[in-house]
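Note that the working numbering gives residue 77 to position 72 of the sequence shown, counting from 1, and the numbers run on in steps of one.
Take a look at the structure below.
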Amino acid sequence: MGNGFITSIEHFKPHTFQAEQGEGLYISHSHDYDELTLILDGEGYYSSAEQNIKVSKGDLILIPSQLHHGFVCIKPWKGISVHFIFDKIPAYCQYLFLNAYQKPLHIRISHLQEEHLKWANISLLQLELEWKIEEKSEYSYDLMRNILETVLLLHHKNMITPQLLPEKTDDSLIIQEVLREIHRRYNTSITINEIASRHFLSESLLRRKFSEMLGISPKQYIINLRLEEAKRLLQQTNRAIEYISSEVGFTSSSRFYDLFVKWVGMTPMEWRKLNE
């Protein structure tokens, strides 16, 4: 039977950032598996091309595979994430998971009150115990199926209408356009002042609006995108570090080196060797 439909279960715990108060490290990615994440404490944001959702204790998040999304922690958080293969989960779980979206490739969120939060947390911990058993009994799969069904039903019972940026305020529309521009041009000599002027805003006003909506400054957002792309190139190519630094938009290789060490915790060469 193996480990069934689950690929991994991860816990995340409170931590601190080497950054200004209220500014966390933005992580942007996609994956081949579907994800269910329960926030047990703290605060942050999840975002995709059309969404920017503030999350906190009690929020249960569903993320479909292949959706490029990001998250940032602005108050140290903890929780549990279950990653699974949609095609391998039981049929009723598939129905519940798909029905949660209504529209494809959107992050969906529900907010659980205290009793439902405890129920979901206990359920996911029990799911992890069953998943880790090497020699599963004939009832293990049924237990895992029932647990996943329970958590998905709690999600449906407490689901929140999805927040899509185009349906929100004028500020949201502006920030959405800013995000699109940043993602198109993050590897060029783009400046915040240049972006702000194109939207008839002062640099300080854009920084404030951007930080209020995403929980991170536009400058740090650009830096994090560059670092994420640098990590991909370090892992997937043999290009020189100086070349990668320039490729992702840094005008100084020493600046790239310093920022990489600050946010990743090791040098680019050390990270490459560790992730070969």
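We put the CB at the ideal spot given by N, CA and C, even for glycine.
In angstroms, rounded to a whole number, what distance separates the CA positions of residue i and residue j?
| i | j | result |
| --- | --- | --- |
| residue 242 | residue 124 | 45 Å |
| residue 45 | residue 175 | 32 Å |
| residue 171 | residue 278 | With a pLDDT of 44 at residue 171, under the threshold of 50, the modelled position of that residue is not reliable, and no figure is offered here. |
| residue 223 | residue 215 | 6 Å |
| residue 173 | residue 220 | At residue 173 the pLDDT is 45, less than 50, meaning the model places this residue with poor confidence; the figure from the coordinates comes in the next sentence. Those two C-alpha atoms are separated by around 17 Å. |
| residue 103 | residue 230 | 30 Å |
| residue 274 | residue 246 | 8 Å |
| residue 256 | residue 248 | 11 Å |
| residue 78 | residue 150 | 31 Å |
| residue 201 | residue 183 | 8 Å |
| residue 9 | residue 211 | 47 Å |
| residue 228 | residue 268 | 10 Å |
| residue 225 | residue 100 | 39 Å |
| residue 92 | residue 36 | 15 Å |
| residue 121 | residue 159 | 7 Å |
| residue 40 | residue 60 | 15 Å |
| residue 136 | residue 68 | 21 Å |
| residue 50 | residue 80 | 10 Å |
| residue 48 | residue 244 | 38 Å |
| residue 213 | residue 162 | 36 Å |
| residue 15 | residue 58 | 21 Å |
| residue 265 | residue 203 | 30 Å |
| residue 190 | residue 144 | 53 Å |
| residue 119 | residue 272 | 43 Å |
| residue 296 | residue 134 | Absent from the model: residue 296. The displayed extent of the chain is 6 to 281, so no value can be given. |
| residue 232 | residue 188 | 13 Å |
| residue 21 | residue 155 | Any answer about residue 21 is weak, because its pLDDT of 43 lies below 50 and its placement is not dependable; what the coordinates show is given next. Cα-Cα distance, rounded: 33 Å. |
Label residue i either buried or exposed according to how many other C-beta atoms from any shown protein chain fall within 10 Å of its C-beta, with 16 as the threshold for buried.
| i | result |
| --- | --- |
| residue 76 | buried |
| residue 23 | Low per-residue confidence applies at residue 23: pLDDT is 45, beneath 50, and the placement is therefore not dependable enough to give any value. |
| residue 181 | buried |
| residue 27 | Unreliable placement is indicated for residue 27, whose pLDDT of 43 sits below 50; the coordinate value is still reported in the next sentence. Looking at its Cβ environment, which holds fewer than 16 other Cβ atoms inside 10 Å, residue 27 is exposed. |
| residue 270 | exposed |
| residue 127 | exposed |
| residue 165 | exposed |
| residue 42 | buried |
| residue 13 | exposed |
| residue 64 | buried |
| residue 34 | exposed |
| residue 117 | buried |
| residue 205 | exposed |
One question on the structure: do residue i and residue j come within less than 9 Å of each other, judged by their Cβ atoms?
| i | j | result |
| --- | --- | --- |
| residue 153 | residue 95 | yes |
| residue 254 | residue 196 | no |
| residue 38 | residue 89 | yes |
| residue 198 | residue 208 | yes |
| residue 85 | residue 129 | yes |
| residue 252 | residue 281 | no |
| residue 11 | residue 87 | yes |
My guess is that residue i and residue j are in contact by the Cβ rule of under 8 Å, so how many angstroms apart are they, rounded?
| i | j | result |
| --- | --- | --- |
| residue 17 | residue 62 | Not a contact, Cβ separation roughly 13 Å. |
| residue 148 | residue 98 | Not confirmed; about 13 Å, so no contact. |
| residue 218 | residue 250 | Their Cβ separation, rounded to whole angstroms, is 29 Å, which puts residue 218 and residue 250 out of contact at 8 Å. |
Just checking, does the stretch 236 to 244 make contact with the stretch 256 to 263 on the three C-beta pairs under 8 Å criterion? With the cut-off at 8 Å, the stretch 236 to 244 and the stretch 256 to 263 do not touch.
Touch test, the stretch 70 to 89 against the stretch 47 to 58, Cβ-Cβ under 8 Å, three pairs minimum: yes
Three or more C-beta pairs below 8 Å linking the stretch 138 to 149 and the stretch 111 to 119: no
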